[in-house]
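Below you'll find the structure, written out as structure tokens, and then a few comments.
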Amino acid sequence: MGLLDVVNRLRGEDGVQKLAETTAVHCIDEVWERVVGRIINMRVLEARGYIRARGIRLIRASVDRQISSQPALIRMQRSRLINQAVDIVIGMVMPRLAAAQQTAPPLARAA
1127 MGLLDVVNRL RGEDGVQKLA ETTAVHCIDE VWERVVGRII NMRVLEARGY IRARGIRLIR
1187 ASVDRQISSQ PALIRMQRSR LINQAVDIVI GMVMPRLAAA QQTAPPLARA A
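Numbering-wise, the sequence shown is residues 1127 to 1237 according to the numbering used here.
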């Protein structure tokens, strides 16, 4: 075990990453339901921002529920945990979006 491993263990890195992944799995379906109607016709960067904006409230609530029973070290890293969970949710939504865009008929836009 190297020095970096010891520091990461003391900071709770493993616990934060696992909680972020757990939070993302719990929130993905609800976030998808909130954003699918709008993001089908968006470009990638626009869709990522929309997912982040619409999903943050759900993810914050889920994180707060999960960290209430965790050690103080993890509770102190709440904002980092939320950011990681949001990034994971975005990473999980984007493949769903790509699949939905392939099956959805193109939307005609007025000039």
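Ideal Cβ placement from N, Cα and C applies to all residues, glycine included. Please read all numbers here as calculations on a predicted model, not as lab measurements.
7 Å Cβ shell around residue i - same chain, five flanking residues per side excluded
i: A1164; result: According to the sequence as given, residue 1164 is Arg; it is not Ala. Answer for R1164: Y1176, listed in chain order.
i: L1223; result: I1165, A1173
i: S1276; result: Missing from the structure shown is residue 1276; the chain here goes from 1127 to 1237 and no further.
i: I1185; result: T1149, C1153, I1208, A1211, V1212, V1215
i: V1162; result: A1226
Collapsed DSSP secondary structure at residue i in the structure displayed
i: Q1196; result: coil
i: M1220; result: helix
i: R1169; result: coil
i: Q1203; result: coil
Straight-line gap, residue i to residue j (C-alpha atoms, nearest Å)
i: R1160; j: A1179; result: 11 Å
i: V1133; j: G1141; result: Low local confidence applies: a pLDDT of 49 at V1133 is under 50, so the model's placement there is unreliable, and no value is given.
i: R1106; j: N1209; result: For the chain, the structure presents residues 1127 to 1237; residue 1106 sits outside this window and is missing.
i: S1195; j: D1155; result: 24 Å
i: M1218; j: G1181; result: 12 Å
i: I1193; j: Q1143; result: 13 Å
i: P1221; j: R1201; result: 31 Å
i: Q1228; j: R1169; result: 14 Å
i: D1190; j: R1204; result: 8 Å
Inter-residue CB distance, residue i and residue j (contact presumed, cutoff 8 Å)
i: A1198; j: A1146; result: Not confirmed; about 18 Å, so no contact.
Own chain partners of residue i with C-beta closer than 8 Å, once the 5 adjacent residues on each side are dropped
i: V1157; result: I1177, R1180, G1181, L1184, I1185, V1215, V1219
i: R1206; result: V1142
i: L1109; result: In the structure displayed, the chain extends from 1127 to 1237; residue 1109 sits before or after that span and is not available.
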